[in-house]
Amino acid sequence: MGGKLLDYMEAHELLKRNGINAMRAVYVASADEAVRFAGGKPIVLKVISDKALHKTKSGVIKLGLSNDSEIRAAYSELEKKAMSLKPYKILAQDMVRNGLEIIVGGNTDVQFGKMVLIGLGGIYVETFKDFALRVCPITRMDAESMLDQLRSGSVIAPNDKKRRMLVDLLLKVSKMLVKNQEIKELDLNPVILHGESYDAVDLRIIK
Amino acid sequence: MARKYANLNPMLQPKSVAIIGASANPDKVGHVIMQNYLNVGYSGRLYPVNIKAEGKILGYKAYKSVLDIKDRIDLAVIAVPAQIVPAVLEECGKAKVRSAVVVSGGFAEVGETALQDKLEEVARKYDLPVLGPNCLGVMDLKSRIDTLFLPTFKIDKPQIGGVSFVSQSGAVGSTVLDLISHEGFGLAKFISYGNAVVVDEVDILNYLADDPDTKVIIFYLEGVKRGREFINVARKVTLKKPIVIIKGGTTEEGSKAVHSHTASLAGSFEAYRAVFRQFGFTEADDLDDLLYFGKIFDTQPLTTGKRVAIITNGGGAGVLATDALYNNGLKLAEMSKASESALKKVMPSIVNVRMPLDLAGDADDKRFGAAIETIANDPNVDAIMVLALFQTPGADSRVAAQLIKYGTSGKKPLVVVSPGGNYTEAHKNMMESSGVPVYGSPSSAAKSLAALISYSIYREKAAHGNGNKIDG
């Protein structure tokens, strides 16, 4: 489909404006800034560059940095690795808490326009292909039926509270896609479910 | 671009028809079409048109041009070589013809896009609803019109009924048409629309939505041209009547760039499936389903309940049927205490009164009748599946008559499963022509019941819920 990948933090802002939770993140220009961002809590550092789409594979992501020295060491290592990936930025993000991974997304169908998707995420996306898709704008009934359609529905939304949370998330994503017609594609993958909340951990928006 | 929907009344209920390309030569398509009009007993005014015409064609005065006809023509059926279709259409426009069916092939489907564009241009200039090109056209047995160029001895004509069949493809169209008559349910209208240059699926659905003769729509679709309008029309239709749909071209060929999961999961066919699910279509996996679902929707009432009673004259068949229910997301009904004691009074001791209800191999019409009567009135039962094995000594035409009595009462959906040979086939035909859907296996019957129930649930939710609004 082509299109341009929206800057990570711009995507982050857009989601926030639409009431969608994305994991706390910021660009850092130095190891000091990264340490300040962490504030004593574990964080992740990753290189954001058009040339590094597979962060894990190219080794430009550092997970679970839980103290200052770890953060500083990781930062300087990433700076070296990123030399060949210019232009790049380094993103600091809160470390993900454990939880079930789902995928939430949207795209633009040539015939039907904006579509919204939810599915079981992580390593299961390709294996189980357990997802539900609808044309935007969706109604509450549509969002409910998307969860009912998933084979993993009772795992993803085991109680009413979580179900409501996901229905609201889907309605917000649908609304955002309709309002921002220039968004061709949206990939929140993964969205991590924990307790009574969720966080979109990796974001891709293509305009 | 939004545009108003084409008015298909003159095409489907024409009072005057011109057949352009009509011929006295039996080898010509135009001859077969003309002959078919005579065979179905069309009672309107018929005008054969042929540039080389002299005298009469099949007993009717022939005209060289549609412009020579004094009468106002409701429908022009055009079966002339593709190259001259635009010129013929131009004449139709000038003659104020109200609709046209272009049977001829040789347009975009063989790469002649410029010719097709020309056809479209002429049609738009005169605001002329044109069906096709490259299609079989329309058949309406009640209005006695038939533009099909299929020799009548090669294809069985269905009886008149409540199912309208829409097909993008002519070949799938004629095959299914033939099978519809075999399945014993009735046809309201058949519309084969080919390249959909002017009249497309949106116009057709919009027309059928308000057609009082159409109770059910079965649809072979390859692709839509106006996606959002298709949705807008379809969601109105499915609140009133079911659309059973089969989509051709379900496999994605080639691999797209897979850097986004959403893009790879939400491929084009998946988008169609999503639309079908979201707006209350009943999706058929194959042509069998199209027919099986068509006949249950045509004859049986809707129900949102999933508790299905099984009545059988064979124990093993009852077990298979129970499995089939659960494999299709349905449940075996539990009969009420009242039904249980009522049945215990009338059933012989060899009948174990519980679900699935096995009436035993010697069950006759009286036993079937008593069982169905009680079960049909049981509040714990939403639908009934009767396994009537006609190989058994007690099963004969009197059993079929009982099944017809209850299967056409319209209270609860009832389906019959009767696998078998010629003797069974005769009884199947008897039941089906009376309006009872009969299936060859418990699984096809259960799948059809499940389709009926899930459509019923959709319709109830969509009608009473928060609506299913979508803006174009």
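So the protein lines, in turn, are chains L and D.
Each residue of the first sequence is one higher than the last, beginning at 845 in our numbering.
Each residue of the second sequence is one higher than the last, beginning at 212 in our numbering.
Glycine included, every Cβ here is placed at the ideal spot set by N, Cα and C.
For Ser378 (chain D), same chain residues with a beta-carbon under 6 Å away, outside a window of 5 residues either side, are Gly384, Ser403 and Tyr431 in chain order. The C-beta separation of Leu300 (chain D) from Ala311 (chain D) comes to about 6 Å, placing the pair in contact by the 8 Å criterion. Under the DSSP definition of a beta bridge, Glu1029 (chain L) partners with L:Asn951 and L:Ile1050. The three-state reading of DSSP puts Met245 (chain D) in helix, counting H, G and I together. With a 10 Å radius around the Cβ and a threshold of 16 neighbouring Cβ atoms, Thr971 (chain L) comes out exposed. A distance below 8 Å separates the beta carbons of Phe956 (chain L) and Val486 (chain D). Assignment of Asp894 (chain L) by DSSP, reduced to helix, strand and coil, places it in the coil class. Straight through space, the alpha carbons of Val627 (chain D) and Lys239 (chain D) are spaced by roughly 44 Å.
Assigned with DSSP and collapsed to three states, Thr971 (chain L) falls in helix. The count of Cβ pairs closer than 8 Å, one atom from the stretch 501-517 of chain D and one from the stretch 545-563 of chain D, stays below three, leaving the stretches out of contact.
The C-beta of Gly322 (chain D) has fewer than 16 other C-beta atoms within 10 Å across all chains shown, which makes the residue exposed. Take Lys658 (chain D), set aside five residues on each side of it, and the residues of its chain with a beta-carbon closer than 6 Å to its own are Asn539, in chain order. The CB of Leu1021 (chain L) never comes closer than 9 Å to any CB in chain D; the least such distance is about 11 Å.
Among the residues of chain L, those whose CB is under 8 Å from the CB of Val486 (chain D) are Phe956 and Val979, following chain order. In this structure, the straight-line span from the alpha carbon of Lys548 (chain D) to that of Val562 (chain D) is close to 16 Å. Tyr617 (chain D) is classed as buried because its beta carbon has at least 16 other beta carbons within 10 Å across all chains shown. In terms of CA proximity to Gly381 (chain D), D:Leu347 leads the group D:His242, D:Leu347, D:Pro512 and D:Phe396. Counted as a single uninterrupted DSSP element, the beta strand (DSSP E) harbouring Ser378 (chain D) occupies residues Ile371 to Ser378.
For Ser385 (chain D), DSSP records no beta bridge to any residue.
Within the stretch 435-454 of chain D, the residues whose Cβ lies closer than 9 Å to some Cβ of chain L are Val435, Lys436, Arg437, Gly438, Arg439, Phe441 and Ile442, listed in chain order. Look at Ser652 (chain D) here: in three-state DSSP terms it is coil, with no helix or strand label. Contact fails between the stretch 328-339 of chain D and the stretch 246-263 of chain D, because fewer than three Cβ pairs, one in each stretch, are under 8 Å apart. Contact with chain D is found for Asp953 (chain L), since one of that chain's Cβ atoms lies less than 8 Å from the residue's Cβ. Residues of the stretch 662-673 of chain D whose Cβ lies closer than 7 Å to any Cβ of chain L, in chain order: Lys672.
According to DSSP, Gly957 (chain L) shares a beta bridge with L:Asp953. In this structure Leu278 (chain D) is exposed. Its beta-carbon is surrounded by fewer than 16 other beta-carbon atoms within 10 angstroms. For Thr493 (chain D), the beta-bridge partners assigned by DSSP are D:Val455. For Gln937 (chain L), the enclosing beta strand (DSSP E) has its first and last residue at Lys933 to Asp938. Shown here for Tyr968 (chain L): not one same chain residue has a beta carbon closer than 6 Å to its own, the five before and five after excluded. Listed by position along chain L, the residues whose Cβ is nearer than 9 Å to that of Ala482 (chain D) are Asn951, Asp953, Val954, Gln955, Phe956, Met959, Leu977 and Val979. A direct Cα-to-Cα measurement between Leu570 (chain D) and Phe401 (chain D) gives close to 42 Å.
Taking 8 Å as the cut-off, the beta carbon of Gly255 (chain D) is found closer than this to the beta carbon of Pro225 (chain D). Look at Ser403 (chain D) here: in three-state DSSP terms it is strand. Closest by C-alpha distance to Phe441 (chain D), out of D:Ser234, D:Ile429 and D:Asp411, is D:Asp411. According to DSSP, Met350 (chain D) shares a beta bridge with D:Asp357 and D:Phe401.
Shown here, Glu545 (chain D) sits in coil according to DSSP, grouped into three states, outside any helix or strand.
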